[in-house]
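Which chain is which? The protein sequence lines are A and B, in order. If you're matching positions, the first sequence starts at 1 in the working numbering and goes up one per residue. If you're matching positions, the second sequence starts at 1001 in the working numbering and goes up one per residue.
2 protein chains.
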Amino acid sequence: MKVYHLYSGGKDSSLAAWILTRLGYEVRLVTVSFGLLDNWRYAREAAQTLGFEHEVLYLPRGVLEKAAEMAIKDGHPNNAIQFIHEKALEAIASMPEVERVSDGTRRDDRVPFLDLPKARSLEDRFGVAYIRPLLGLGYKTIRELTEGLFVVEIRESEELQKADYEVELRHMLREKGIDPLEIFPKRHYQSRVLGWREK
Amino acid sequence: MKVYHLYSGGKDSSLAAWILTRLGYEVRLVTVSFGLLDNWRYAREAAQTLGFEHEVLYLPRGVLEKAAEMAIKDGHPNNAIQFIHEKALEAIASMPEVERVSDGTRRDDRVPFLDLPKARSLEDRFGVAYIRPLLGLGYKTIRELTEGLFVVEIRESEELQKADYEVELRHMLREKGIDPLEIFPKRHYQSRVLGWREK
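Structural data, given as structure tokens:
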């Protein structure tokens, strides 16, 4: 039972990956890149430290272009992040060998988040099962599980070296002469997993 | 990390209990009864077969009375089931020793189901974490996991001897001279776990 898990190297997607292994799945981590930066390497490092298989899936740069335009038009990144996330899930789900797709989205997330019709649509269009191990967990539960499992580094998004697609989105905004700080929330903390707390 | 898990003896609540143990929780199963019937015994049997601690929590019969009135007024059981489920979660969450409450509700369930504001309200009012291990799983994933884990008996609701509070609701409707088949869907399948497929 192999599952392809969208992975950023952060604590949520790492916790979701761990839960999948506990349920008996063989987990393959997939990090999305647009080829603009090589920040996918931080996800690979985390994956290797945690002992997971890892691959990079390149998405067309046009997806990132369109996301950047959405973020500029909206003045905030929510729709852009949602758009990239959906494209990433669709790209994984469309690989012929893939029967199960998963991610680390949480109950309390506003974006990225697939509502029930979108989740079912993803499953139906691509003939996959879409698994979200964190969807039924609140922040307290996620905190107690991650604190027990991982050594985590938490920093403001602008400072943290991470494989989230937010990093390439910020980069593209800068390339377009836009300061990402005008679009992204000022104090937005991100996490990166450095390893297991204990094995 | 002890969690009190609302348990009917069916495959969903059994799968959720198993997932909780895989996440490192100490799981105590709780079956709700109104003292009308002793069908909680089917949940206890399943709990013992699976090796879980189990207790029965009696709710005031007035809750079932009110649910029966709702079902009769509505002509279908959805609001009644939802009402009982919320009262059951609140009763567990209000026990002084309880820090975590869980159930086996699924992504694809219409009732019983707590939407995000209701889930957060339960957590905030009682100072608990509310955990739903199946919320991020679709029917395919639930099927492949339960088929691998449990021997399950599946029958129409009217025939199956089970600890679901639906059974006492049907009984109370009959006591009021109402045929439950006029209110519950005609072909509504329920499951009961008979044991582990293999240990």
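Note that beta-carbon positions come from the ideal geometry of N, C-alpha and C, so glycine has one too.
Nearest-angstrom Cα separation, counted from residue j out to residue i
| i | j | result |
| --- | --- | --- |
| Gly10 of chain A | Val151 of chain A | 11 Å |
| His1188 of chain B | Leu1160 of chain B | 11 Å |
| Ala16 of chain A | Glu182 of chain A | 31 Å |
| Pro1077 of chain B | Lys176 of chain A | 57 Å |
| Leu137 of chain A | Leu1114 of chain B | 13 Å |
| Glu69 of chain A | Met1172 of chain B | 60 Å |
| Ile92 of chain A | Gly104 of chain A | 15 Å |
| Thr21 of chain A | Asp1038 of chain B | 38 Å |
| Glu1097 of chain B | Ala1043 of chain B | 22 Å |
| Phe52 of chain A | Arg174 of chain A | 33 Å |
| His1085 of chain B | Val1003 of chain B | 17 Å |
| Ala47 of chain A | Glu1045 of chain B | 42 Å |
| Arg41 of chain A | Glu55 of chain A | 10 Å |
| Gly1127 of chain B | Met1001 of chain B | 15 Å |
| Pro1112 of chain B | Trp18 of chain A | 29 Å |
| Phe1083 of chain B | Gly1075 of chain B | 15 Å |
| Lys66 of chain A | Asn79 of chain A | 11 Å |
| Glu997 of chain B | Glu144 of chain A | Because chain B is modelled from 1001 through 1199, residue 997 of chain B falls outside the range shown and cannot be assessed. |
| Leu1050 of chain B | Leu50 of chain A | 31 Å |
| Glu153 of chain A | Gly195 of chain A | 10 Å |
| Ser1121 of chain B | Asp108 of chain A | 13 Å |
| Leu1149 of chain B | Gly148 of chain A | 27 Å |
Beta-carbon gap between residue i and residue j smaller than 8 Å
| i | j | result |
| --- | --- | --- |
| Val1193 of chain B | Ser1033 of chain B | no |
| Ile1131 of chain B | Ser1102 of chain B | yes |
| Val64 of chain A | Glu166 of chain A | For the sequence presented, residue 64 of chain A should be read as Leu rather than Val. Result no, Cβ atoms of Leu64 of chain A and Glu166 of chain A do not sit closer than 8 Å. |
| Ala119 of chain A | Ser8 of chain A | no |
| Ala1129 of chain B | Thr141 of chain A | yes |
| Arg1170 of chain B | Pro1185 of chain B | no |
| Leu134 of chain A | Arg106 of chain A | yes |
| Val27 of chain A | Leu6 of chain A | no |
| Leu59 of chain A | Lys87 of chain A | yes |
| Ile200 of chain A | Ile72 of chain A | Because chain A in this structure spans residues 1 to 199, residue 200 of chain A falls outside the shown range and cannot be described. |
Counted within 10 angstroms of its Cβ, other Cβ atoms place residue i as buried (16 or more) or exposed
| i | result |
| --- | --- |
| Gly1024 of chain B | exposed |
| Arg1155 of chain B | exposed |
| Gln190 of chain A | buried |
| Gly1035 of chain B | exposed |
| Leu116 of chain A | exposed |
| Asp1012 of chain B | buried |
| Arg61 of chain A | exposed |
| Glu123 of chain A | buried |
| Tyr1139 of chain B | exposed |
| Arg1110 of chain B | exposed |
| Arg197 of chain A | exposed |
| Arg125 of chain A | exposed |
Those residues which DSSP pairs with residue i across a bridge
| i | result |
| --- | --- |
| Ile131 of chain A | A:Ser102 |
| His54 of chain A | A:Leu29 |
| Arg192 of chain A | A:Glu153 |
| His1005 of chain B | B:Leu1029 and B:Ser1102 |
heavy atom of the ligand GTP below 7 Å from residue i C-beta
| i | result |
| --- | --- |
| Leu23 of chain A | Among the components modelled here there is no ligand, and therefore nothing to report on the ligand GTP. |
Which runs of the beta strand (DSSP E), 3 residues or longer, sit entirely within the stretch 63-122 of chain A? Correct list: 100-102.
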